[in-house]
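Worksheet: the structure to be examined is printed underneath.
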Amino acid sequence: MRSIDFVVARNDLQHCKTVETTLPGADALPAETLLIKVDRFAFTANNITYALLGDQLKYWQLFPAPAGFGIIPVWGFGEVIASKHPLVGEGERLFGTFPMATHLVIEASDVSQRGLRDAAPHRQGVAAVYNAYARVGSDDAFAGHRGDQQALLRPLFMLSFLVDDYLAENDVFGAAAIILSSASSKTAFGLAHLLHAQRDGVRVIGLTSPANAAFVRALGCYDEVVSYDGIELLDTASPSVFVDMAGNAELRARLHRHLGDHLKQSIRVGMTHQDSESDPASLPGAKPVWFFAPDQIRKRAKEWGPGGIESRLGAAWQGFAPMLERSLTIVEGRGPDVVQRVYLDTLSGRIPPEQGHMLSMTD
Ligand SMILES: NC(=O)c1ccc[n+]([C@@H]2O[C@H](COP(=O)([O-])OP(=O)(O)OC[C@H]3O[C@@H](n4cnc5c(N)ncnc54)[C@H](OP(=O)(O)O)[C@@H]3O)[C@@H](O)[C@H]2O)c1
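Here this note's numbering is used: the first residue of the sequence shown is -18, the next is one more, and so on.
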């Protein structure tokens, strides 16, 4: 059985290629393993961040690749085409983290009605969420167009939801304004939607590049949209919080210097601008700190009990879905050449923000 894998050079993400690997066929599958056909997966700047942090957060360990190369993890759907697990049948549809590849072998464990886990030893160094698969065959919310929206947005919206919850829990640190960078990113506009809908009296301000400003304004969830060259025009009188999706050290320093002590909290979430510069030692305002989603999940899981996060996230998603219908165009692409083009365009920031790409390595 051959899989076609899309691999990138770990130390030079512009360098990418397709390789063939050999997997055991249906007859040779070891006990309790599943052979999966990777059906379709979402690709956004978040996946580029996985690659940038591949060593640090061990994402490269998820799916082994030739020396010096890595397979970027993606969120999407797979179909079981052969099974040696008694509780999982052929044709079963799974949602979770897959390689950019045509096929994957999973060592199924903890199989329940709702899902299963890949127990392959090389996958155990990463957060549990990256090894969990939901059995979504009979769930309409994961079918067709709505399924594509889930693959594109759900992992990102989880973060939007958690940051909103963290801010609310802390009375938004007394801020009158919350400023989001890379305001056009899906993670940012998910958060802006939640803040706009729920945090009365707080202005939601989006920072974005000039080319994406019209899109961000049209979303309707930002009270004000400012392009990066206009940071120094922001109101300095109001206490503010910064949520940084761009991760651009120069922008961050400009904002901190402009707002000074009025910047009450500075939360790092993303790195769409692919900048690994660190902050100068003496930055005015609150010290930038990384938001660590698993901490907030652990805390709320304890406080809200079983299913508490899922039910609240589900309700928040219901409110977000109409905005997605209006603002996101799903673009489907198939085959290694298309995957390579979308990968390189995403790496270079050439994907228009209204597009959400669903890809498949199979032609
Ligand atoms: N910490 C966490 O647990 C967590 C969870 C989810 C997401 N995130 C992070 O949030 C960020 C957003 O991810 P996403 O998937 O939502 O992004 P996305 O929707 O694909 O965002 C695209 C936007 O990012 C900016 N951008 C992308 N590539 C760029 C480039 N090469 N140069 C300059 N700007 C570029 C542009 O926005 P502007 O023009 O508006 O800057 C672009 O419109 C990622 O860094 C992701 O890893 C973190």
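Note that beta-carbon positions come from the ideal geometry of N, C-alpha and C, so glycine has one too.
In this structure the stretch 83 to 100 lies against the stretch 10 to 30, because at least three pairs of beta carbons, one per stretch, are closer than 8 Å. A straight line joining the alpha-carbon of His243 with that of Ala199 spans about 28 Å. Excluding residues up to 5 positions away in sequence, His243 lie with their Cβ nearer than 8 Å to the Cβ of Ala218 in the same chain. His177 sits in a helix when the DSSP states are folded into three classes.
Thr78 places its beta carbon 8 Å or farther from that of Lys18. Scanning the stretch 19 to 62 for uninterrupted alpha helix (DSSP H) segments of 4 residues or longer gives 26 to 33, listed from N- to C-terminal end. With respect to the 8 Å criterion, Val270 and Arg249 are classified as neighbours on the basis of their beta carbons. In this structure, the alpha-carbon of Gln277 lies about 19 Å from that of Ala173.
Cβ contact annotation for Met252 (same chain, cutoff 7 Å, sequence separation greater than five): Thr30, Leu33 and Gly228, in chain order. For Tyr147, the enclosing alpha helix (DSSP H) covers residues Gly125 to Glu150.
For Leu140, the shortest separation between its Cβ and any heavy atom of ligand 1 lies below 7 Å.
Remark: the C-beta of Gln255 is in contact range of ligand 1, defined as less than 7 Å to any heavy atom.
The closest heavy atom of ligand 1 lies 7 Å or more from the beta carbon of Lys39. Within the stretch 254 to 300, the alpha helix (DSSP H) runs of at least 4 residues that lie entirely inside it are, in chain order, 274 to 285.
A straight line joining the alpha-carbon of Asn151 with that of Ser141 spans about 16 Å. Ranked by Cα distance from Phe273, the options Val(-12), Arg74, Leu38 and Arg322 are led by Leu38.
Note: Glu313 is bridge-paired with Met339 in the DSSP secondary-structure output. Here Arg198 carries a helix assignment [DSSP, helix/strand/coil].
Rounded to whole angstroms, the separation of the alpha carbons of Ser(-16) and Arg74 is 19 Å. Judged by their CB atoms, Gly57 and Arg95 are not nearer to each other than the 8 Å cut-off. Straight-line measurement puts the Cα of Glu1 at about 18 Å from the Cα of Ala9. In the DSSP assignment, Phe79 is bridged to Val55. Checking the 7 Å criterion, the Cβ of Gly316 is out of range of every heavy atom belonging to ligand 1.
With a cut-off of 8 Å on Cβ pairs, the stretch 297 to 311 is not in contact with the stretch 47 to 61, counting fewer than three such pairs.
DSSP places Ala115 in the uninterrupted beta strand (DSSP E) bounded by Ala113 to Arg116. The shortest C-alpha to C-alpha distance from Gly106 to any of Tyr40, Asp256 and Gly295 is the one to Tyr40.
Taking a C-beta distance under 8 Å as the contact criterion, Asp260 and Ala234 qualify as a contact pair. Under the 10 Å beta carbon count, Gln299 is surrounded by fewer than 16 other beta carbons and is classified as exposed. Look at Ser329 here: in three-state DSSP terms it is coil, with no helix or strand label.
Across the structure, Pro220 and Val153 are spaced so that their CA atoms are roughly 10 Å apart.
Ranked by Cα distance from Ala156, the options Leu214, Arg104 and Lys245 are led by Lys245. Each residue's CA atom was taken as its position, placing Thr327 and Gly118 some 30 Å apart.
By the beta-carbon neighbour count (other beta carbons within 10 angstroms, threshold 16), Lys268 is exposed. The straight-line gap separating the alpha-carbon atoms of Asp(-7) and Leu97 is approximately 34 Å. Contact check for Asp121 and Ile311: beta-carbon distance about 17 Å, past the 8 Å limit, so the pair fails to qualify.
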